[in-house]
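*Asks:* One structure follows; several queries about it will come next.
There are 2 protein chains.
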Amino acid sequence: MGEQKLSIPKGYRKTKQREAILKVLERAEYPINAEQIFMELKNNGIDISLSTIYRNLEMLTKEGLVVKSYMMNEDKARFALPDKKNYLVCEKCGKIVIIDNCPFDKFKEELIEVHGFDITGHSIEVYGVCPECQKKG
Amino acid sequence: MGEQKLSIPKGYRKTKQREAILKVLERAEYPINAEQIFMELKNNGIDISLSTIYRNLEMLTKEGLVVKSYMMNEDKARFALPDKKNYLVCEKCGKIVIIDNCPFDKFKEELIEVHGFDITGHSIEVYGVCPECQKKG
DNA sequence: CTTCCTGCAAAGAGTTTGCATCAAA
DNA sequence: TTTGATGCAAACTCTTTGCAGGAAG
Chain F
11 MGEQKLSIPK
21 GYRKTKQREA
31 ILKVLERAEY
41 PINAEQIFME
51 LKNNGIDISL
61 STIYRNLEML
71 TKEGLVVKSY
81 MMNEDKARFA
91 LPDKKNYLVC
101 EKCGKIVIID
111 NCPFDKFKEE
121 LIEVHGFDIT
131 GHSIEVYGVC
141 PECQKKG
Chain C
11 MGEQKLSIPK
21 GYRKTKQREA
31 ILKVLERAEY
41 PINAEQIFME
51 LKNNGIDISL
61 STIYRNLEML
71 TKEGLVVKSY
81 MMNEDKARFA
91 LPDKKNYLVC
101 EKCGKIVIID
111 NCPFDKFKEE
121 LIEVHGFDIT
131 GHSIEVYGVC
141 PECQKKG
């Protein structure tokens with residue numbers, strides 16, 4: 011599922027920290043924050059500093075390999091591969107579900123026509139209550 | 011244009027700071043941050059502290075009168091009335107254009123069906139290049 | 001009067017940055 | 001070697017909080 015092979019952008023050196031961060035992002039099922047990447051690596055015995063993570067996330071975002079986003083009622087940035095940037099969040103349990111085949115493209119034409127923008131990207135966040143939480147009342 | 015009359019939620023006192031913040035949000039054409047509200051009020055001769063602004067924005071968000079969001083490459087939260095929460099941002103000049111009649115509703119049914127979520131809200135951010143910047147090349 | 005609200009200053013949290021050291025190429 | 005990358009600690013920015021004084025009801 012979405013296991014595309016990411017590689018370090020041209021012009022940047024190949025370091026074990028960089029590769030490790032990319033692997034975590036590839037394996038992640040939804041946007042995660044710097045701290046989560048840090049803990050994930052720590053649990054896998056990989057020692058890295060938070061600043062290195064932030065510096066690499068900034069680079070990867072600038073290079074377009076990663077998308078940064080913020081979630082409702084959260085003050086920290088999350089990062090994900092572009093195909094995992096649109097999601098549903100359960101307001102009760104916090105579960106995050108990625109929106110595959112985002113139907114946004116259908117609206118794109120309309121937006122271009124109405125506003126004249128040349129659209130390069132988008133990010134959609136949807137909140138609601140997941141099926142399990144609906145049952146729990 | 012979107013000049014709905016907002017009032018202080020029941021259970022909260024009517025103070026001049028609160029009313030001033032609401033007025034700024036009503037007049038705003040797109041999501042703005044705490045600092046911008048502060049400056050806007052200062053320019054109108056209204057003295058208020060940033061913490062009061064933050065405290066009220068938190069309250070208004072909790073009460074559902076205001077929606078909090080973050081924009082690409084920005085580290086501070088923005089706040090807007092619900093009808094101004096979906097927007098287009100020009101990557102070059104930063105211009106923000108509100109998406110009226112957000113076509114999201116068409117797509118809501120599909121999401122409910124596929125994921126079983128009971129959807130309560132959404133926020134859409136679109137980036138691109140505005141017509142003026144396209145001309146400038 | 002009573003309770004809520006505000007302002008101020010200090011504290012917090014997340015993120016960024018300077019600098020010396022380390023490692024990729 | 002040369003130059004980019006990392007780690008650490010300090011710095012920064014945005015936001016939150018404690019507390020005393022002030023205003024709303």
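Line by line, the protein sequences give chains F and C. Quick note on my numbering: the first sequence kicks off at 11 and runs consecutively. Quick note on my numbering: the second sequence kicks off at 11 and runs consecutively. By construction, the Cβ of each residue, glycine as well, lies at the ideal position given by its N, Cα and C atoms. Since this is a predicted model, take the numbers as computed values, not measurements.
1) List the residues that DSSP assigns as beta-bridge partners of N43 (chain C).
2) Mind reading off the beta-carbon distance from V99 (chain C) to E135 (chain C)? Whole number of angstroms is fine, and I expect it under 8 Å.
3) Among the candidates F:C112, F:Q144, F:V139 and F:L121, whose CA atom is the shortest distance from the CA of G138 (chain C)?
4) In angstroms, rounded to a whole number, what distance separates the CA positions of I104 (chain C) and L16 (chain C)?
5) Quick check on V34 (chain F): buried or exposed, where buried means 16 or more other Cβ atoms within 10 Å of its Cβ?
6) I122 (chain C) by DSSP, collapsed to three states: which one?
7) With a threshold of 8 Å on Cβ separation, who are the neighbours of I109 (chain F) within its own chain once the five nearest residues in sequence on each side are excluded?
8) Once the 5 residues before and after M11 (chain F) are set aside, which same chain residues still bring their CB inside 7 Å of it?
9) If you draw a straight line from the C-alpha of H125 (chain F) to the C-alpha of I63 (chain F), how long is it?
10) Going along chain C in order, which residues have a C-beta closer than 8 Å to the C-beta of T130 (chain F)?
11) Checking contacts by CB at 8 Å: is V34 (chain F) closer than that to chain C?
12) Could you name the residues of the same chain whose beta carbon sits closer than 7 Å to that of I31 (chain F), not counting the 5 residues immediately before and after it, in chain order?
13) Identify the continuous beta strand (DSSP E) that holds L98 (chain F) and give its terminal residues.
14) Determine the extent of the beta strand (DSSP E) in which I106 (chain C) is found, giving its start and end residues.
15) Which residue's Cα is closest to the Cα of P141 (chain F): C:F127, C:K52 and C:P92?
16) Are the Cβ atoms of K94 (chain F) and N43 (chain F) separated by less than 8 Å?
17) Can you tell me the Cα-Cα spacing of E13 (chain C) and K26 (chain C), whole angstroms?
18) Would the beta-carbon of E73 (chain C) fall within 8 Å of that of P19 (chain C)?
19) Among the candidates F:C143, F:N54 and F:K78, whose CA atom is the shortest distance from the CA of P41 (chain F)?
20) How is the beta strand (DSSP E) around V77 (chain C) delimited, first residue to last?
21) When you compare the CB of Y98 (chain F) with every CB in chain C, is at least one pair closer than 8 Å?
22) What are the residues in the stretch 38-72 of chain F lying within 7 Å of chain C by C-beta distance?
23) Please determine, among C:I58, C:R88 and C:E123, the residue with the shortest C-alpha to C-alpha distance to E29 (chain C).
24) When you compare the CB of G12 (chain F) with every CB in chain C, is at least one pair closer than 8 Å?
25) Would you say G104 (chain F) reaches chain C, if we count a Cβ-Cβ gap shorter than 8 Å as a contact?
26) Whose C-alpha, out of F:T71, F:C143 and F:T130, is nearest the C-alpha of K102 (chain C)?
27) Compute every distance between the C-beta of E135 (chain F) and the non-hydrogen atoms of the ligand SAH, then say whether any falls below 7 Å.
*Replies:* The short version:
1) Numbered from its first residue, the second sequence carries residue 43 (chain C) at position 33. Paired residues: C:R88.
2) Translated into positions along the second sequence, residue 99 (chain C) becomes position 89. Translated into positions along the second sequence, residue 135 (chain C) becomes position 125. Contact flag correct, Cβ pair sits at about 7 Å.
3) Mapped onto the second sequence, residue 138 (chain C) falls at position 128. Among F:C112, F:Q144, F:V139 and F:L121, the Cα nearest to that of G138 (chain C) belongs to F:L121.
4) Taking the first residue of the second sequence as position 1, residue 104 (chain C) is located at position 94. Taking the first residue of the second sequence as position 1, residue 16 (chain C) is located at position 6. The sequence shown places Gly at residue 104 (chain C), not Ile. Approximately 28 Å between the Cα atoms of the pair.
5) As a first step, residue 34 (chain F) is located in the first sequence; it is residue number 24 there, counting from the start. Burial call: buried.
6) For the purposes of this step, residue 122 (chain C) is taken as residue 112 along the second sequence, with counting starting at 1. Correct three-state label for I122 (chain C): helix.
7) Walking along the first sequence from the start, residue 109 (chain F) turns up at place 99. Closer than 8 Å at Cβ, skipping near neighbours: N96, Y97, L98, I134 and V136.
8) Here the question's residue 11 (chain F) lines up with position 1 in the first sequence. Below a pLDDT of 50, predicted positions are generally treated as unreliable, and M11 (chain F), at 47, falls in that range; no measurement from the model is reported.
9) Residue mapping note: residue 125 (chain F) aligns to position 115 of the first sequence, counting from 1. Residue mapping note: residue 63 (chain F) aligns to position 53 of the first sequence, counting from 1. For H125 (chain F) and I63 (chain F), the distance between alpha carbons rounds to 37 Å.
10) The count along the first sequence starts at 1 and reaches residue 130 (chain F) at position 120. Under the 8 Å cutoff, chain C gives E101, Y137, G138 and V139.
11) The residue labelled residue 34 (chain F) in the question sits at position 24 within the first sequence. Taking Cβ atoms only, chain C never reaches closer than 8 Å to V34 (chain F), which makes this a no.
12) The residue labelled residue 31 (chain F) in the question sits at position 21 within the first sequence. Around I31 (chain F): I47, I63 and N66.
13) As a working note, residue 98 (chain F) is residue 88 in the first sequence. Looking at the DSSP string, the run of the beta strand (DSSP E) that includes L98 (chain F) is Y97 to C100.
14) Against the second sequence, residue 106 (chain C) aligns to sequence position 96. From DSSP, the beta strand (DSSP E) with I106 (chain C) extends over I106 to I108.
15) Taking the first residue of the first sequence as 1, we reach residue 141 (chain F) at position 131. Closest by alpha carbon: C:F127.
16) The residue you call residue 94 (chain F) lines up with position 84 of the first sequence. The residue you call residue 43 (chain F) lines up with position 33 of the first sequence. No. Outside cutoff.
17) Locating residue 13 (chain C) in the second sequence gives position 3, where the first residue counts as 1. Locating residue 26 (chain C) in the second sequence gives position 16, where the first residue counts as 1. Legend: pLDDT at E13 (chain C) = 47, less than 50; position of this residue unreliable, value from coordinates given subsequently. For E13 (chain C) and K26 (chain C), the distance between alpha carbons rounds to 19 Å.
18) Within the second sequence, numbered from 1, the residue matching residue 73 (chain C) stands at position 63. Within the second sequence, numbered from 1, the residue matching residue 19 (chain C) stands at position 9. Yes. Within cutoff.
19) Here the question's residue 41 (chain F) lines up with position 31 in the first sequence. Of F:C143, F:N54 and F:K78, the residue nearest in Cα terms is F:K78.
20) Numbered from 1 along the second sequence, position 67 holds the residue referred to as residue 77 (chain C). Its beta strand (DSSP E) spans residues V77 to Y80.
21) Against the first sequence, residue 98 (chain F) aligns to sequence position 88. The sequence as given places Leu at residue 98 (chain F); Tyr does not occur at that position. Chain C, which has a Cβ nearer than 8 Å to the Cβ of L98 (chain F), makes this yes.
22) none
23) Residue mapping note: residue 29 (chain C) aligns to position 19 of the second sequence, counting from 1. Nearest option by C-alpha distance: C:I58.
24) Position 2 of the first sequence, counted from the start, is the residue given in the question as residue 12 (chain F). No answer about G12 (chain F) holds up, because its pLDDT of 43 lies below 50 and its placement is not dependable.
25) Locating residue 104 (chain F) in the first sequence gives position 94, where the first residue counts as 1. By this cut-off, G104 (chain F) is not an interface position.
26) Position 92 of the second sequence, counted from the first residue, corresponds to residue 102 (chain C). When only C-alpha atoms are compared, the closest one is F:T130.
27) No copy of the ligand SAH appears in this structure; indeed no ligand is present at all.
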